[in-house]
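In terms of this note's numbering, the sequence shown opens at residue 212 and continues consecutively.
Glycine is no exception: its CB is placed at the ideal position from the N, C-alpha and C atoms.
What follows is a set of notes on a single structure, which appears directly below.
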Amino acid sequence: FEISKPHWKLKQYKKGDFYNQHRTVCKFLGFIIEGVFRSYVVDEKSGEEKNVFLYSGNQFVVTFKSFINQLPCDYHTQAMTDATVVYIHIDDLLKLYQQSHQWETFGRLLAQEAFNIAMDRTESFFFKTPEQRYLDLIKYHPQIFNSIPLYHISSYLGIQGPSLSRIRKRLTGK
């Protein structure tokens, strides 16, 4: 970690600030110290924002496909709360990969984790009910529920607000 210290920078985000925007290239890998971010797409026909990923404290925030391929992002990534992030530029990270086998290993593990998160997210829509996805969100991101409006949670779960209300009511009654 010592050789990487000069490359990491600290940044404060205000609620609503963008980490990265649609059609721009993601140049930074961030690690969230505190706060919540979302990656979302805007439906071209309806204009509706659809949350694709949620990130919270002690997680990396990155539009990974854009980051590793240095191509424009498919998403907007935005702070949903005030947030603190430490980040590193891709050029510095690539230099670290060349300098250190441990940093190469870090890059591989990071890619594996990003792949697993994307697969879990995709598979959850095929194999899990909205209620199961909601319970997973509680399990893995409990702090999000006190930080963001429920309509963002329902969007992330792929359901409408009334469905989320029914799920919450059903679970509270158990």
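- The bridge partners DSSP lists for Y266 are F248.
- Rounded to the nearest angstrom, the Cβ distance from F212 to L240 is 14 Å, too far for a contact under 8 Å.
- The beta carbon of S277 sits closer than 7 Å to the beta carbons of V236, C237, P283, C284 from its chain, once the five residues preceding and following it are set aside; these are given in chain order.
- Per DSSP, T316 lies in no beta strand (DSSP E); the unbroken alpha helix (DSSP H) holding it starts and ends at 312-338.
- Here the stretch 303-316 makes no contact with the stretch 328-346; the two share fewer than three CB pairs at distances below 8 Å.
- Residues V297, Y298, I299 of the same chain have their beta carbon placed closer than 8 Å to that of W219, with the five preceding and five following residues left out of the count.
- A Cβ-Cβ contact shorter than 8 Å links H233 with Y286.
- For I299, there is no enclosing alpha helix (DSSP H); the enclosing beta strand (DSSP E) covers residues 294-300.
- A direct Cα-to-Cα measurement between Y351 and D331 gives close to 12 Å.
- Beta-carbon to beta-carbon, V263 and S358 are separated by about 18 Å, too far to satisfy the 8 Å threshold.
- The alpha-carbon of Q309 is positioned some 12 Å away from that of S215.
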